[in-house]
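> In terms of this note's numbering, the sequence shown opens at residue -1 and continues consecutively.
Just so you know, even glycine gets a beta-carbon here, dropped at the ideal spot from N, CA and C.
These numbers come from a predicted model, not from an experiment.
Here it is, the structure in full.
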Amino acid sequence: MKTRERANITKISRMLSDIFRPTYYPMVGFAILLMFTYLSLLSWQWKVCMLLLVYTLTIVLPSVGVYVYRSVHKLTQHDLQYRHNRIVPYCLHLISYWVLLSILDVLRAPSFVGGIVVISLLVQLSCTIITLWWKISMHSAGVGAIIGALIAYSTIFQFNPVWWLCLAILVSGLVNSSRMYLRQHTLWQVLGGTLVGFVCGLVGLFI
């Protein structure tokens, strides 16, 4: 493979890894529910407040926490690929998601709304526990959870998920391939992450 072609593939792989970060999925999930369910009838002020809450607790606070952790321990982004350095960032995300779930419970949000947070919590918790013994791909777990969640939500709202599943499976293949090409994970690590995420997405909505 030519050097230029290799550089282009590397660039695309990094772009895919950045776009499909697992931390973005709860925000996207909430936006979809606010647009395509009866929640679309709510006022735009309520929707904006909800999205800001989700954005703050699933993206901003965990990102700030990880940045502080990296700064204190003088870790680079490359250092986070080692499993012993990934445990604290995972825990920071777990705490933020748990706080969001507690707030939604106080607000008495519908269970299918809180289900997104429960699925994310299960993915984070499962990956954190597995990481103690074996490195697993959080990116793969995230896209795997989308596939499982689509099947679960199609059961609740009675819609045909085939085309959405095709898109999710395509994205899963692209993301998993990018993680392997960048040598962040092995084949078994991305397959394991996808399986863990799928199970969490499938059962998390009904817990």
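(1) Helix, strand or coil: which one does DSSP assign to R107?
(2) Enumerate in chain order the residues of its own chain whose CB-to-CB distance from Q187 is below 7 Å, with the five nearest sequence positions on each side excluded.
(3) Which runs of the alpha helix (DSSP H) fall wholly inside the stretch 5 to 91 and span at least 4 residues, in chain order?
(4) So which of K9, G191, A166, M13 has the shortest CA-CA distance to A215?
(5) Grab me the residues of C125's own chain with a C-beta within less than 6 Å of its C-beta, minus the 5 sequence neighbours each way, in chain order.
(6) When burial is assigned at 16 or more other CB atoms within 10 Å of the CB, is C198 buried or exposed?
(7) Here's the rule I'm using: 16 or more other beta-carbon atoms within 10 Å means buried, otherwise exposed. How should Y207 be labelled?
(8) What residue range does the alpha helix (DSSP H) around T153 cover?
(9) What is the DSSP secondary structure of F196, counted as helix, strand or coil?
(10) If we ignore side chains and look at the alpha-carbon of each, how far apart do F110 and V141 end up?
The structure says:
(1) As a position in the sequence shown, residue 107 is number 109, starting the count at 1. Checking the displayed sequence, the identity of residue 107 turns out to be Ala instead of Arg. Looking at A107 - three-state DSSP - the assignment turns out to be coil, as it is neither helix nor strand.
(2) Your numbering for residue 187 matches position 189 in the sequence shown. Correct list, in chain order: K133, I134, S135.
(3) 23 to 34, 42 to 53, 59 to 71
(4) In the structure as shown, the chain begins at -1 and stops at 205. Residue 215 is therefore absent and cannot be evaluated.
(5) Here residue 125 refers to the residue found at position 127 of the sequence shown. Around C125: I134, M136, A139.
(6) To locate residue 198, count along the sequence shown from 1; it is residue 200. That one is buried.
(7) The structure shown does not extend to residue 207, since the chain is modelled only from -1 through 205, so no value can be given for it.
(8) On the sequence shown, residue 153 is found 155 positions in, with the first residue counted as 1. Per DSSP, T153 belongs to the alpha helix (DSSP H) from 136 to 155.
(9) Translated into positions along the sequence shown, residue 196 becomes position 198. Residue state, collapsed to three classes: helix.
(10) Reading the sequence shown from its first residue, position 112 is the one you call residue 110. Reading the sequence shown from its first residue, position 143 is the one you call residue 141. Distance between the alpha carbons of F110 and V141 is about 19 Å.
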